[in-house]
Amino acid sequence: MNEQLRAISELDRVIHEPGRLMIVALLAAVKECDFLFLLRETEMNKGNLSSHLARLEEAGYVEIEKTYRGKVPLTLLRLTRAGRAAFDEYRKGLMAAF
Amino acid sequence: MLWIIRLIQTIERAKREGRTDELLRAAKENAQIQKIMMRPMKYETVNGAGEIGWGTAMLCFALSSYTSVVLPKSTWRSGIGWLLMLCACLAMPLCRWTIKKYVTWPRTGYVAFRRDRNFWIARVVTIVVAVGVSIGLLHLMRPEITHLAQSPMGHSSATSPGTLSLTAKIILVGMGPMNAILYLMMNAVSIREHRWKWLLLVLLALGPLGICFFVPGNYIEVSRPVMLFLGLVCLSSGGATLISFLRHTQPPAPKAE
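Residue numbers (the working numbering), protein chains in the order written: chain S, 1 to 98; chain P, 1001 to 1257.
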């Protein structure tokens, strides 16, 4: 296996999945956003988005805060420090592979 | 999202088959990650809130100046002038916040942008440059300001024809390109979607030039229609953007989450 392929095999599998990569890329660009924003931007359905977010939260990459705006429930999402570092690392790995 | 799937599939296939040539093709698609990271930026200007705020501020400045001409001399005239000045200072943050909270976020979802070190450095540099330029302009205009202050009619005169010095002309005409640059900076993303904004950009740049050459008066008398014009252009542009946003973005069903 050459260097490029080894670099690819070392990529973070949690972020490497297309849906999660999109979520993390979007969250990396903002400070925080709500569920509705991600729903619109990723064009996923609620179930898919929720399961991807749960996986990212489990990995410690995303922080999910359930709160209220007035009487309306609001789910705030933000990338944790570890998530941001993992995404930076993932991009570096991708660049190194290419 | 298709491009991500394509990217991952290409990487996986290349890995399985031990081929690196496909990786080169995939490399081009890697740049798309950067594109997706830029996507939230459009929400800064999607609703025209910045233009409405800026336009309102300019209008308030112009109206504040007009109060000294239009309203009769009384104790509350200066009060109204100061109130309009205060409105002008608060217009930008208030308009942005109100439109975002009550119009944009319920439709597209809440998003807060990152304000990193570079953002604050840029903001401080902008303020320092703005203050520097203002002091410089005041210095350049000093003879004219002194002359107006000493004249018996004062700057509130609407009847004295007055004259516009070359310095004042340059400064007032310069307000056009300066506003056009600010407008371009504020609408760098949305100008691609709304092509008609290029026309407004030209109007903003050239409008003050026409006003300076066709409206007689001293620099205060000419600055009023200039600010009024710039304010109206920005406000109508912001209004049109907001209407377009409302027409094309529907709020989600009540139980979106």
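Yeah, the Cβ is synthetic: ideal placement off N, Cα and C, and Gly gets one too.
Check                                                                                                                                                          : Outcome
Does the beta carbon of T1108(P) sit closer than 7 Å to a beta carbon anywhere in chain S?                                                                     : yes
Just checking L1137(P) against the ligand ZN - is the residue's beta carbon closer than 6 Å to any of the ligand's heavy atoms?                                : Among the components of this structure there are no ligands whatsoever, and the ligand ZN is therefore not found.
Residues in the segment 1113-1145 of chain P with C-beta within 9 Å of chain S's C-beta atoms, listed in sequence order?                                       : F1113, R1114 and R1115
Nearest by alpha-carbon distance to S1064(P): which of W1076(P), W1054(P), G1081(P) and T1075(P) is it?                                                        : G1081(P)
Have a look at R1142(P), T1126(P), L1140(P) and Y1043(P) and flag the residue whose alpha-carbon is nearest the alpha-carbon of W1097(P).                      : Y1043(P)
Report all residues from its chain with a CB closer than 8 Å to the CB of K1169(P); omit the five preceding and five following residues, and keep chain order. : C1212
Could you round the C-beta distance between A1088(P) and F1061(P) to whole angstroms and report it? I think they count as a contact, below 8 Å.                : 5 Å
If you check the beta carbons only, do T1241(P) and G1048(P) fall under 7 Å apart?                                                                             : yes
Work out the CA separation of A1057(P) and L1314(P) for me, nearest whole Å.                                                                                   : What the structure shows of chain P is the stretch from 1001 to 1257, and residue 1314(P) is not part of that stretch, so it cannot be assessed.
From this set, V1124(P), V1129(P) and L1172(P), which residue's C-alpha is nearest I1220(P)'s C-alpha?                                                         : L1172(P)
Helix, strand or coil for E65(S) per DSSP?                                                                                                                     : strand
Name the residue from R1247(P), V1226(P) and R1142(P) whose alpha carbon lies nearest to the alpha carbon of G1174(P).                                         : V1226(P)
Find out if the Cβ-Cβ distance for the pair A1112(P), K31(S) is shorter than 7 Å.                                                                              : yes
Going along the segment 40-58 of chain S in order, which residues come within less than 9 Å of chain P, judged by CB to CB distance?                           : R40, E41, T42, E43, M44 and K46
Interface residues of chain S around P1252(P) at Cβ under 9 Å?                                                                                                 : L36, L39 and R40
I'd like to know whether the C-beta of V1189(P) is nearer than 7 Å to at least one C-beta of chain S.                                                          : no
Could you list which residues in chain P have their beta carbon closer than 7 Å to that of V30(S), in chain order?                                             : P1040, V1111, A1112, F1113 and R1114
Determine which residues share a DSSP beta bridge with A1112(P) and list them.                                                                                 : E32(S)
Does the Cβ of T1075(P) have 16 or more other Cβ atoms within 10 Å, making it buried, or fewer, making it exposed?                                             : exposed
Is any beta-carbon of chain P found at less than 7 Å from that of A96(S)?                                                                                      : no
Comparing C-alpha positions only, which one of D88(S), L94(S) and I23(S) sits nearest to R55(S)?                                                               : I23(S)
Would you report the Cα separation of R1077(P) and M1085(P), rounded to the nearest angstrom?                                                                  : 13 Å
Under a Cβ-count criterion, where at least 16 other Cβ atoms within 10 Å of its own Cβ denotes burial, should A29(S) be classed as buried or exposed?          : buried
Quick check on G1132(P): buried or exposed, where buried means 16 or more other Cβ atoms within 10 Å of its Cβ?                                                : exposed
Mind pulling the chain P residues with CB within less than 8 Å of A25(S)?                                                                                      : I1033, I1036 and M1037
If you draw a straight line from the alpha carbon of I1008(P) to that of E17(S), how long is it in whole angstroms?                                            : 8 Å
Is the beta carbon of A25(S) sitting closer than 7 Å to the one on Y61(S)?                                                                                     : no
Could you tell me how far apart the beta carbons of P1251(P) and R1107(P) are, in whole angstroms, since I believe they sit closer than 8 Å?                   : 5 Å
Take the Cβ of P1040(P) as the centre, count every other Cβ of all protein chains shown within 10 Å, and call the residue buried at 16 or more, exposed below. : buried
DSSP puts P1177(P) in a beta bridge; with which residues?                                                                                                      : DSSP lists no partner for P1177(P).
Distance, Cα to Cα, E43(S) vs S1223(P)?                                                                                                                        : 49 Å
Rounded to whole angstroms, what's the CA-CA distance from K1100(P) to I1243(P)? Just pull it up for me.                                                       : 14 Å
I need the straight-line Cα distance from G1079(P) to A1130(P), nearest angstrom please.                                                                       : 27 Å
Pop quiz: R78(S) and E63(S) are said to be a contact at Cβ under 8 Å. What is the actual Cβ separation, rounded to whole angstroms?                            : 5 Å
Between I1211(P) and chain S, is the shortest Cβ-Cβ distance under 7 Å, so that the two count as touching?                                                     : no
With the cut-off set at 7 Å, would you say G1231(P) and G1053(P) are in Cβ contact?                                                                            : no
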